[in-house]
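S.K.: Residue numbers (my numbering): 1124 to 1443.
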């Protein structure tokens, strides 16, 4: 028997397999190992962001600021490196700033009982504005360490290559799975998402956990900003526009309930990979406009939200 909470993840995995098979039958080279591994490298920064968003949505919240945090982190990193700051100082600094920003949003949400949507929306405008203040123009990054990291990775047989960004994603994913399913913090997140009032009665440290959730989300968004700066070798204040919506879509497609309390980090990764595969399929086709990616993702999100609704209705239906 398949547990109902596993059904959305299995559907996402089945869609991924079906689309990969379809592309393999239609286009030469689609089924190559390099194409498959590139899904992880090209979507690593989105996956890291979506993993942080998973914890937020599991708690019943939302974080609209992650795209702006990515932009601010990237442009600040580029400017500081351009000014001669060493990388071993810049990276911890920008990640610490992102984490502190998320913690501040979490504190506002908990102690002032503000809606996460409003707080993180304000955070999005704040971070985007600060990114423009740092630099209105795209700032190129010319650094030997960047070149070395971009070239680093593991070569596999069949011209497969696991890039440094995919390796970073693997470390983040492993840490997130452990945190969500094998640590008290993860238990607290699920409890708050299931029922915040009941969580308080069970002595769950709601304040500490809520602040930690948003700090973690912004920490991973800041890390994704650094990864995105590797991907583009630059920092730009308008980077990451709409990326928060892509992250939310990946979480939903990955099977996490928007109302919180149910979902898996691994499901989010499958959701990101499915979105990346759709984009790859359209690129191989060549005749379809890239905006079809957004259309397909929109349809998938709608389908999975309806599926969540049906599951909720079945749970609330009285027996007999």
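Note that CB positions come from ideal geometry on N, CA and C, so glycine has one too.
Beta-carbon within less than 6 Å of residue 1225's beta-carbon, same chain only, minus the 5 sequence neighbours each way: which residues are those?
M.R.: So the list reads 1337, 1338, 1340 and 1341, once near-sequence residues are dropped.
S.K.: Taking the C-alpha atoms as reference points, what is the distance between residue 1442 and residue 1283?
M.R.: Confidence at residue 1442 is low in this model, with a pLDDT of 47, below 50, so the placement of that residue is unreliable and no value is reported for it.
S.K.: Helix, strand or coil: how does DSSP classify residue 1442 here?
M.R.: Confidence is the limiting factor: at residue 1442 the pLDDT is only 47, short of 50, which leaves the residue's position unreliable, though a coordinate-based value still follows. Coil, per DSSP.
S.K.: Nearest to residue 1424 by CA position, among 1379, 1174 and 1185, is which residue?
M.R.: Considering only alpha carbons, the answer is 1379.
S.K.: Leaving out five residues before and five after residue 1344 in sequence, what residues of the same chain have Cβ atoms less than 7 Å from its Cβ?
M.R.: 1172, 1175, 1189, 1192, 1193 and 1221.
S.K.: Starting from residue 1277, follow the beta strand (DSSP E) in both directions and report where the run begins and ends.
M.R.: Counting along the chain, the beta strand (DSSP E) containing residue 1277 begins and ends at 1276 to 1279.
S.K.: Residues bridged to residue 1357 by DSSP?
M.R.: Partner(s): 1263.
S.K.: Applying the 10 Å Cβ sphere with the 16-neighbour rule, what's the burial state of residue 1431?
M.R.: With 16 or more Cβ atoms within 10 Å of its Cβ, residue 1431 is classed as buried.
S.K.: Report all residues from its chain with a CB closer than 8 Å to the CB of residue 1125; omit the five preceding and five following residues, and keep chain order.
M.R.: Excluding residues within five positions, the ones whose Cβ falls inside 8 Å are 1133.
S.K.: In the DSSP assignment, what are the bridge partners of residue 1286?
M.R.: DSSP output for residue 1286 lists 1276 as bridge partner(s).
S.K.: Please confirm whether residue 1140 has its beta-carbon closer than 8 Å to some beta-carbon of chain D.
M.R.: In the structure shown, chain D does not exist; there is a single protein chain.
S.K.: Out of curiosity, what's the CA-to-CA distance linking residue 1307 and residue 1384?
M.R.: Rounded to whole angstroms, residue 1307 to residue 1384 spans 15 Å at the Cα level.
S.K.: Rounded to the nearest angstrom, how far is the Cβ of residue 1205 from that of residue 1268, given a contact under 8 Å?
M.R.: That pair is no contact at about 14 Å.
S.K.: Taking just the CA atoms, how far does residue 1410 sit from residue 1248?
M.R.: Rounded to whole angstroms, residue 1248 to residue 1410 spans 37 Å at the Cα level.
S.K.: Within 10 Å of its beta-carbon, does residue 1259 have 16 or more other beta-carbons around it, so buried, or fewer, so exposed?
M.R.: Exposed, because fewer than 16 other Cβ atoms sit within 10 Å of the Cβ of residue 1259.
S.K.: Report back the beta-carbon spacing between residue 1349 and residue 1196 to the nearest angstrom; my notes put them in contact at under 8 Å.
M.R.: Correct: roughly 6 Å between the Cβ atoms.
S.K.: Report all residues from its chain with a CB closer than 7 Å to the CB of residue 1135; omit the five preceding and five following residues, and keep chain order.
M.R.: Contacts found: 1376, 1377, 1378, 1390, 1393, 1394 and 1397.
S.K.: Can you tell me whether residue 1238 is helix, strand or coil according to DSSP?
M.R.: It is coil, neither helix nor strand.
S.K.: By Cβ distance, which residues of its chain are closer than 8 Å to residue 1147, with the 5 residues on each side in sequence left out?
M.R.: Only 1153 and 1154 meet the Cβ criterion.
S.K.: My understanding is that residue 1351 touches residue 1168, with C-beta atoms under 8 Å, so please give their C-beta distance in whole angstroms.
M.R.: Rounded, the Cβ-Cβ distance is 5 Å, consistent with contact.
S.K.: When the Cα atoms are used, what is the spatial distance from residue 1202 to residue 1208?
M.R.: Cα-Cα distance, rounded: 9 Å.
S.K.: If you follow the alpha helix (DSSP H) that residue 1448 is part of, which residue opens it and which one closes it?
M.R.: The shown model of the chain, from 1124 to 1443, leaves out residue 1448, and the question about it has no answer.
S.K.: On a CA-only basis, which of 1213, 1218, 1143 and 1165 is nearest residue 1346? Give me that one, please.
M.R.: Answer by Cα proximity: 1218.
S.K.: Could you tell me whether the Cβ atoms of residue 1160 and residue 1289 are closer together than 8 Å?
M.R.: Against a cut-off of 8 Å, the Cβ pair of residue 1289 and residue 1160 comes out as a contact.
S.K.: Thinking just about the alpha-carbon of each residue, which of 1316, 1216, 1335 and 1399 is nearest to the one in residue 1138?
M.R.: Minimum Cα distance to residue 1138 is reached at 1399.
S.K.: How is residue 1412 classed by DSSP in three states: helix, strand or coil?
M.R.: Coil, per DSSP.
S.K.: Assuming residue 1322 contacts residue 1330 (C-beta within less than 8 Å), just tell me the rounded distance between them.
M.R.: Going by Cβ atoms, the distance from residue 1322 to residue 1330 rounds to 11 Å, so no, they are not a contact pair.
S.K.: What is the DSSP secondary structure of residue 1386, reduced to helix, strand or coil?
M.R.: Note: residue 1386 maps to coil in three-state DSSP.
S.K.: Where does residue 1160 sit, in a helix, a strand or coil, going by DSSP?
M.R.: Here residue 1160 sits in helix by DSSP.
S.K.: Work out the CA separation of residue 1299 and residue 1235 for me, nearest whole Å.
M.R.: Those two C-alpha atoms are separated by around 28 Å.
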